[in-house]
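Take 699 as the starting number for the sequence shown in this note's numbering and just add one per residue. All residues carry an ideal CB built from backbone N, CA and C; glycine is no exception. To keep things clear, I will list the structure first and then write my remarks on it.
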Amino acid sequence: MAYDLIALLKSGVTPLYLAPQAGVSESPFRRLCRRFGADILVSEFVSAAGIVQNSKRSRDYLRFDEAERPIGIQIFGADPVLMGDAAAFVAEVFSPDFIDINFGCPVKKVVKRNGGSGCLRDLDLVEAIIRSVDDATRLTTTVKIRSGFTENTRDPVGIGLRCEQAGAQAICLHPRTRSDMYSGQARWSEIAALVEALEIPVVGNGDIRNGEDARRMRDETGCAAIMIARGSHGDPWIFKQARAALDGLPISSAPDVVERFGICLEHARNAIDFEANPDRAIIDFRKHLGWYTKGLPDGRSLRTELFQTTSLQEVEMLLETYRKEHLDGLRI
Ligand SMILES: Cc1cc2nc3c(=O)[nH]c(=O)nc-3n(C[C@H](O)[C@H](O)[C@H](O)COP(=O)(O)O)c2cc1C
């Protein structure tokens, strides 16, 4: 079933997005976040060139499960024709609910070739990319931007207006510039200004660390939806807490450590099932192990051991030993 993303964004329920995140928002994590209440999912960014070449790596990034709908595929690149071709390929072969264009990635390797936030230095190029992608498919086209490339060229409203004019049907703002990378605070006032200036729905993103932050962002900015990235690391239940806060309901406390370990292992099993190579999968999963065990008493030594594991069985054993040594009879 195809979803009408824009109707959902305009419904007034303030849907919650799991943010596109390279190396993090893969299908197993997306499904876990959905279980905790992420309403809209987005793939990690995928290179238009890789898609058009039909590289195996890109195909792996593009895979999703029907249960993940509504889902968007995010693409990046600086060549409007290639971006249009990539969008057409994705629509034809994978049929997501929407295509999202990445104008936010600050990573040097991407920016050097004018991809991601690199495009923000040339708003004619931004417009040309949006038009090309939007013309290439019948799917909804959305964009994700930063506030500008540098502080001097910071102009989220100006950029947003150009995106809207070019045919973007929704826009997500992470209100930092490329130069900011992740430093300082996301300027939510810029999200509010974008909501004020644009007709299309605006998705707010940046520094949501708990349910209460989500409520505050909605109330302070009037955004149509909220996108969460780092706040979900080792903490997928943030979506449940954010939903409760948005609905004015009591926010449930985070799962205790035993439950958290259970969620971590469920996530690990899904990640291993999803990957063709289980050894690779467990190595890639180490970052999640770090996040799930953050803040635990003696967590550092647990993490040192977890980071050396090469199989799910070892992970299970380490968590079980930790539970017995630290938690039996306790609920943290
Ligand atoms: C590990 C990681 C990978 C990311 N990869 C992407 C990506 O592929 N595409 C994208 O648009 N943004 C990406 N981002 C940026 C996030 O989507 C989001 O805009 C940013 O982290 C701010 O939100 P937060 O404060 O909730 O983390 C990434 C962020 C992180 C931490």
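In this structure, the alpha-carbon of A895 lies about 24 Å from that of G816. Take K1022, set aside five residues on each side of it, and no residue of its chain has a beta-carbon closer than 8 Å to its own. In this structure, A868 lies away from N903, with their beta-carbon atoms at least 9 Å apart.
The beta carbon of Y701 lies closer than 7 Å to those of R767, P768 and D795 in the same chain, with the five residues before and after it left out. DSSP, read as helix, strand or coil, puts Y880 in coil. DSSP, read as helix, strand or coil, puts S815 in helix.
In the structure shown, the three-state DSSP call for V744 is strand. For M925, the pairing in a beta bridge is given by DSSP as Y715 and N903. Ligand 1 has a heavy atom closer than 8 Å to the beta-carbon of R928.
Within the chosen limit of 8 Å, ligand 1 does not reach the beta carbon of M879 with any heavy atom. Under the DSSP definition of a beta bridge, I797 partners with I771 and T839. When C-beta atoms of the region 712–722 are compared with those of the region 849–865, fewer than three pairs fall below 8 Å, so the two segments do not count as touching. By alpha-carbon distance to F792, the top candidate from V809, I749 and V808 is I749. I924 is not a Cβ neighbour of A942, given a cutoff of 9 Å.
Of the residues F972, N812, N752 and D758, the one whose Cα lies closest to the Cα of D783 is N752. Cβ-Cβ separation between V900 and L871: approximately 6 Å, consistent with a contact (criterion under 8 Å). By the neighbour-count definition (other C-beta atoms within 10 Å, threshold 16), G993 is an exposed residue.
Around the beta-carbon of F743, 16 or more other beta-carbon atoms lie within 10 Å, marking it buried.
Where L871 is concerned, there is no enclosing alpha helix (DSSP H), although the beta strand (DSSP E) around it starts and stops at A868 to T875. Per the DSSP secondary-structure output, G846 pairs in a beta bridge with T875. V805: not part of any alpha helix (DSSP H); DSSP gives it neither H nor E. Ranked by how close their Cα comes to the Cα of A884, the residues I843, G865, I857 and E957 have I843 in first place. Taking the C-beta atoms as reference points, V893 is found no nearer than 9 Å to C861. Taken atom to atom, the span from the alpha-carbon of Q772 to that of N800 is near 6 Å. Taking non-hydrogen atoms of ligand 1 into account, the C-beta of D758 is found less than 8 Å away from none of them. Taking 8 Å as the cut-off, one finds at least one heavy atom of ligand 1 near enough to the beta carbon of K842.
By the Cβ test, the region 724–742 is not in contact with the region 802–811, since fewer than three Cβ pairs between them sit closer than 8 Å. Under the three-pair Cβ rule at 8 Å, the region 960–968 does not count as touching the region 903–919. I738 is bridged by DSSP to Y715.
Counting only residues of its own chain and dropping the five nearest sequence neighbours on each side, A969 has a CB closer than 6 Å to the CB of P726, A979 and F983.
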